[in-house]
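A quick write-up on the structure given underneath.
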Amino acid sequence: MASQHTGRICVAYRHHPFHGPRPLSQELVAGWLGLTQAQLSRIENGPPIRDLDKLIHWAQTLRVPAQHLWFDLPGQQRGIPQVNGVGNGLVVPDKTLLVVEWTPECTESLLEMVSDGGMTATPALAVRLAHEWLVREPPQIVEMQAGRHIGEGLIRKVNWRLEQLQHMDDFIGGYDLHKLVERELRATIYLLKEAAYREALGKRLLATIAELCQLAGWVAIDAGLSAAAERYYVSGIHAAHAADDTSLPGNLISWLSYLYSNADNPNEAVLLARTAYMGAEQRASATTKALFQQRIGWAYARAGEANQTKRALGQADQSYDQRNPADDPNWVYWLSRDEMEAMAARCYIELRMPKRAQPLLCNALDRYDESFAREVSFYMSWLAESYVQTGDIDEAAGQAKRALALSTRVNSARAKGRVEMLRRRLRPYQHVETVREFEELYRELEEG
Numbered sequence: 052m053a054s055q056h057t058g059r060i061c062v063a064y065r066h067h068p069f070h071g072p073r074p075l076s077q078e079l080v081a082g083w084l085g086l087t088q089a090q091l092s093r094i095e096n097g098p099p100i101r102d103l104d105k106l107i108h109w110a111q112t113l114r115v116p117a118q119h120l121w122f123d124l125p126g127q128q129r130g131i132p133q134v135n136g137v138g139n140g141l142v143v144p145d146k147t148l149l150v151v152e153w154t155p156e157c158t159e160s161l162l163e164m165v166s167d168g169g170m171t172a173t174p175a176l177a178v179r180l181a182h183e184w185l186v187r188e189p190p191q192i193v194e195m196q197a198g199r200h201i202g203e204g205l206i207r208k209v210n211w212r213l214e215q216l217q218h219m220d221d222f223i224g225g226y227d228l229h230k231l232v233e234r235e236l237r238a239t240i241y242l243l244k245e246a247a248y249r250e251a252l253g254k255r256l257l258a259t260i261a262e263l264c265q266l267a268g269w270v271a272i273d274a275g276l277s278a279a280a281e282r283y284y285v286s287g288i289h290a291a292h293a294a295d296d297t298s299l300p301g302n303l304i305s306w307l308s309y310l311y312s313n314a315d316n317p318n319e320a321v322l323l324a325r326t327a328y329m330g331a332e333q334r335a336s337a338t339t340k341a342l343f344q345q346r347i348g349w350a351y352a353r354a355g356e357a358n359q360t361k362r363a364l365g366q367a368d369q370s371y372d373q374r375n376p377a378d379d380p381n382w383v384y385w386l387s388r389d390e391m392e393a394m395a396a397r398c399y400i401e402l403r404m405p406k407r408a409q410p411l412l413c414n415a416l417d418r419y420d421e422s423f424a425r426e427v428s429f430y431m432s433w434l435a436e437s438y439v440q441t442g443d444i445d446e447a448a449g450q451a452k453r454a455l456a457l458s459t460r461v462n463s464a465r466a467k468g469r470v471e472m473l474r475r476r477l478r479p480y481q482h483v484e485t486v487r488e489f490e491e492l493y494r495e496l497e498e499g
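Sequential numbering from 52 applies to the sequence shown in this note's numbering.
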């Protein structure tokens with residue numbers, strides 16, 4: 052992306068592989084900066100901006116390096132993203148991260164990225180990649196001349212296998228499913244590498260690879276492999292961008308936000324969650340918008356921003372009320388009203404508002420089948436935590452025992468991690484009989 056200084060704010064350009072640089076739309080830039088198109092038009096066509104504090108506020112709010120906001124900040128070395136005015140030491144290269152043209156070499160790089168020896172993802176790199184996705188044209192697929200030709204039938208079979216894996220994840224923990232999903236991802240990338248196909252089929256194959264990257268990232272999180280999950284998500288953003296999908300890159304970016312929220316990187320998490328929503332807002336389905344808005348709410352909750360959290364959750368509810376399942380991509384099939392309520396409850400517990408969370412979790416759990424052992428155990432653990440916050444220790448220990456029993460039925464690091472957290476929370480209450488019963492059961496199951 053290039054920029055041309057105007058004496059006001061700067062006109063940003065994106066590079067088109069055939070026609071050279073062209074200006075970004077005012078709507079996109081305005082949305083990026085939190086302005087209306089009319090406001091941005093007045094800024095660009097009016098007198099030079101002298102309110103440097105406003106420019107700095109935009110940069111610090113969005114946490115975007117100076118080269119992406121088209122002006123320099125006082126004391127900031129271009130190319131070094133800053134956190135609270137201090138550079139984080141990551142020098143951002145001049146070249147873009149997303150490719151202009153997808154070639155066989157890109158497929159080789161994708162295979163490397165999803166392996167242990169691939170690129171090391173970082174919050175700063177993810178933030179740059181997300182904002183680059185907002186302004187870059189998708190690349191053109193190079194039709195491969197070698198290998199056997201593939202057609203619609205094989206693409207349908209690959210997508211059917213993806214759907215089966217997605218539904219297996221409803222019942223199987225990440226420890227058991229991770230290697231299977233990783234093997235499917237590698238096989239599909241190998242198909243992209245070796246086969247010959249029309250450009251349209253190539254894009255569909257890349258979209259499937261992106262969805263597999265998202266699933267691989269999720270099961271890696273569930274297996275306690277956060278570094279691998281980060282790598283899968285970044286790889287998936289590249290594939291989804293190349294597929295010219297309107298909302299799939301945003302889904303992967305929002306998953307990165309979720310990962311960083313849980314890893315105590317709240318600023319990066321908020322930025323990524325907002326970026327995912329802004330990038331897909333115009334063409335995403337109502338259900339997809341609801342998902343992205345809930346991710347914004349979770350990021351704000353982890354950052355301790357109560358008002359922003361409530362606003363995002365309210366917007367998510369409004370979007371979900373307008374949903375039309377016929378408009379939804381396959382990867383959002385799992386988002387139900389119960390999931391919406393459970394996520395909202397988790398946000399309120401993060402904000403230490405347990406009374407607001409408890410009815411939401413109780414209602415959701417009443418409608419959950421215990422065959423979904425991981426989810427039920429997970430949400431029971433949050434309900435137990437809410438009771439710890441309200442001082443209802445007997446109820447907390449009872450819910451903790453049920454969460455513990457269910458967690459043994461599925462091989463999930465997330466479920467087990469939540470039970471271990473509850474054990475720490477309940478340790479000061481060993482004088483309570485139900486807490487001692489929970490501890491005895493924990494030790495019995497651990498030894499068994």
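For every residue, glycine included, the Cβ atom is placed at its ideal position computed from N, Cα and C.
By the Cβ-count criterion, residue 484 is exposed, with fewer than 16 other Cβ atoms from all chains shown falling within 10 Å of its own Cβ. DSSP places residue 247 in the strand class (E or B) of the three-state scheme.
Taking 3 residues as the minimum length, the stretch 295-320 contains no beta strand (DSSP E) run wholly inside it. For residue 482, no pairing in a beta bridge is given by DSSP. By the criterion of at least three beta-carbon pairs nearer than 8 Å, the stretch 382-389 is in contact with the stretch 336-355.
Excluding five sequence positions before and after residue 277, the CB atoms of its chain that fall closer than 7 Å to its own CB belong to 310 and 314, given in chain order.
By the criterion of a C-beta distance shorter than 7 Å, residue 228 is surrounded in its chain by 219, 220 and 270, once the five residues flanking it on both sides are discounted.
Distance from the Cα of residue 405 is smallest, within the candidate group 156, 205, 327 and 447, for 447.
Minimum Cα-Cα distance from residue 165 among the listed residues 89, 260, 256 and 87 corresponds to 260. Contact annotation: the stretch 315-331 does not touch the stretch 284-291, with fewer than three C-beta pairs closer than 8 Å.
Taking C-beta atoms as the reference points, residue 324 and residue 305 count as a pair closer than 8 Å.
Burial is judged here by how many other beta carbons sit within 10 angstroms of a residue's own beta carbon; residue 345 has at least 16 and is buried.
Between residue 419 and residue 286, the alpha-carbon positions lie close to 33 Å from each other.
The Cβ atoms of residue 252 and residue 223 lie no closer than 8 Å to each other.
Cβ-Cβ distances below 6 Å link residue 476 to 439 in the same chain, with the five nearest sequence neighbours on each side left out; the list follows chain order.
For the options 450, 158 and 460, the alpha carbon positioned closest to that of residue 422 is the one of 460.
Take the alpha-carbon of residue 243 and the one of residue 479: they are about 55 Å apart. With contacts defined as CB atoms closer than 8 Å, residue 424 and residue 457 qualify as a contacting pair. The residue from 89, 417, 481 and 264 with its alpha-carbon nearest to that of residue 216 is 264.
In the DSSP assignment, residue 200 forms a beta bridge with 247. The C-beta of residue 248 has 16 or more other C-beta atoms within 10 Å across all chains shown, which makes the residue buried.
Secondary structure note for residue 287: its alpha helix (DSSP H) is the uninterrupted segment 277-293. Spanning the alpha carbons of residue 160 and residue 359 requires a straight line of approximately 39 Å. Exclusion of the five residues before and after residue 343 leaves 305, 327 and 328 as the residues of its chain whose Cβ lies within less than 6 Å of its Cβ. With respect to residue 411, residue 392 sits close: the two C-beta atoms are nearer than 8 Å.
For residue 157, the closest C-alpha among the options 464, 417, 257 and 282 is that of 257. Counted as a single uninterrupted DSSP element, the alpha helix (DSSP H) harbouring residue 337 occupies residues 337-353. Taken through DSSP and simplified to helix, strand or coil, residue 376 comes out as helix.
Taking residue 451 as the centre and dropping the five residues before and after it, the same chain places the C-beta of 435, 473 and 489 closer than 6 Å to its C-beta, in chain order.
The residue among 183, 236, 202 and 201 with its C-alpha nearest the C-alpha of residue 162 is 236. The three-state secondary structure of residue 356, taken from DSSP, is coil.
If you look at residue 470, you'll find it in the alpha helix (DSSP H) that goes 464-477. Cβ-Cβ distances below 8 Å link residue 209 to 239, 242, 256 and 259 in the same chain, with the five nearest sequence neighbours on each side left out; the list follows chain order. Straight-line spacing of the CA atoms in residue 299 and residue 262 works out to 8 Å.
The three-state secondary structure of residue 387, taken from DSSP, is coil.
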